[in-house]
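**Student:** Dumping the structure here so I can ask a few things about it.
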Amino acid sequence: MRKLPAACLLASLTACAGPLPQPDPGQAWIDLRGEPGTTFMADRLDGKRTADGRYYQVTPGRHELEMRYQFEVSSGGGFNSDAGPFQLTCHVRIRFDGFAAGERYRIDARPIVMRPQVLMYDARAQVVARGETLGCGPI
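Using the numbering used here, the final residue of the sequence shown is 128, and nothing's skipped along the way.
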């Protein structure tokens, strides 16, 4: 009976452990990058769950990307000043009309107080979209 949970854990980790696929030149490739010590993962593409949370690969045109960003927040005093830092998970959406075939994009996330700042850059390092925070909460 103990082998089943271990096998499920191993299977869930293999998607992240494998090499990234070669980008399709007929599609746009989007890398995700979070700050050290944080977790930033692709969650949904046009409302459907992604198979691999490390990147997006999309057809040219308009798409909606949803991501999960997890980072540590210090309690900072107040009512619960004795509590230590805690993990906060935020869901963020980017809508972009101009994905181009063969182009590479990068989405960067960083925590600012208790909210994420999420920006998407094109290959020329120009900001082309800003993330909209859908909601945040402790794990």
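By construction, the Cβ of each residue, glycine as well, lies at the ideal position given by its N, Cα and C atoms.
If you're wondering where the values come from, they're calculated on a predicted model, not measured in any experiment.
By how many angstroms is the C-alpha of Gly42 removed from the C-alpha of Pro8?
**Tutor:** 13 Å
**Student:** Starting from Ala17, trace the beta strand (DSSP E) in both directions and tell me its first and last residue.
**Tutor:** 17 to 23
**Student:** Identify which residue in Pro25, Ser63, Arg51 has its Cα closest to the Cα of Gln16.
**Tutor:** Arg51
**Student:** For the beta strand (DSSP E) containing Arg119, name the first residue and the last one.
**Tutor:** DSSP places Arg119 in the uninterrupted beta strand (DSSP E) bounded by 116 to 119.
**Student:** Hey, which unbroken runs of the beta strand (DSSP E) at 3 residues or more fall wholly within the segment 73 to 111?
**Tutor:** 75 to 88, 93 to 101, 104 to 110
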